[in-house]
Amino acid sequence: MLRVGRILHGTTAEGPGRRTAVWVQGCSIRCPDCINPHLFTTRGGYDASCAEIVTGAAVAHCEGITLLGGEPFDQPSGCADLAAAAQDAGLGVIVFTGYVHEDLARRGEQERRLLAHIDCLVDGPYQAANPETRRALVGSTNQRFLHLTDRYRDYDPALAKNTVDVRINPDGTIEVAGFLEHSQLDALSTPLGKRPRQHRRL
Ligand code: SF4
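Numbering of the sequence shown is given in my numbering, commencing with residue 2 and proceeding in unit increments.
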């Protein structure tokens with residue numbers, strides 16, 4: 002089981018190919034200016050089973066899953082179970098973390114188990130003072146793409162483009178995934194008449 006804020010199947014805005022994005026609930030790092038402060042608390046969100054997430058990814062014809070946050074390494078056991086189940090099903094695994102790999106490798110058994118089931122780790126905290134303007138998927142220049150397997154080694158974030166996934170739900174709520182500046186989010190809100198609920202990467 003995993004505490005999640007949101008799951009989005011079939012998005013192309015959260016990494017190479019068609020993916021299931023899982024925003025975990027809870028982040029103890031709390032980078033200044035994080036765009037997802039509603040994911041800081043561990044009291045929000047809902048419980049989701051790993052089997053349910055992997056089945057949803059298969060039904061949506063996804064190539065892989067992306068774990069982001071919130072902070073996946075604040076739930077290392079649940080995220081390790083999910084990453085292992087995803088790889089068993091043939092899915093690739095990308096994880097965004099605000100910690101750095103060198104620290105994670107020293108932390109504990111569950112952290113190392115999660116690392117063992119990641120194909121590409123994007124590490125480092127969001128630093129608003131060092132905005133990234135060249136590479137896709139990351140918000141600041143300190144963040145690294147670490148290929149722990151060969152699966153995504155050909156993916157070059159400097160050649161890729163950031164994309165945005167906008168979905169209007171049957172109840173009229175709007176959800177946005179991908180990379181949008183606050184001003185772009187506001188511009189989207191005006192014609193739609195509602196402020197979208199956004200989860201994005203940093
Ligand atoms: S950017 Fe990521 S690690 Fe930093 S506070 Fe936000 S969710 Fe946590």
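The beta carbon of each residue, even a glycine, is placed where N, CA and C say it ideally should be.
Looking at the DSSP output, residue 38 sits in no beta bridge, so it has no partner there. About 5 Å separates the CB atoms of residue 120 and residue 94; that is less than 8 Å, so the two are in contact. Between the alpha carbons of residue 177 and residue 112 lies a distance of about 30 Å.
Residue 105 has its alpha-carbon roughly 11 Å from the corresponding atom of residue 73.
Excluding the 5 residues flanking it on each side, residue 52 has same chain C-beta neighbours closer than 8 Å at 86, in chain order. Three or more beta-carbon pairs separated by less than 8 Å link the segment 13-28 to the segment 161-171, which places the two stretches in contact. Within the segment 107-165, the alpha helix (DSSP H) runs of at least 4 residues that lie entirely inside it are, in chain order, 110-116. If only uninterrupted alpha helix (DSSP H) runs of at least 4 residues are considered, those enclosed by the segment 22-89 are 51-60, 77-89. The shortest C-alpha to C-alpha distance from residue 62 to any of 68, 91, 27 is the one to 91. The beta carbon of residue 101 lies closer than 7 Å to those of 124, 125 in the same chain, with the five residues before and after it left out. Cβ-Cβ separation between residue 49 and residue 5: approximately 5 Å, consistent with a contact (criterion under 8 Å). The beta-bridge partner set that DSSP reports for residue 97 consists of 123.
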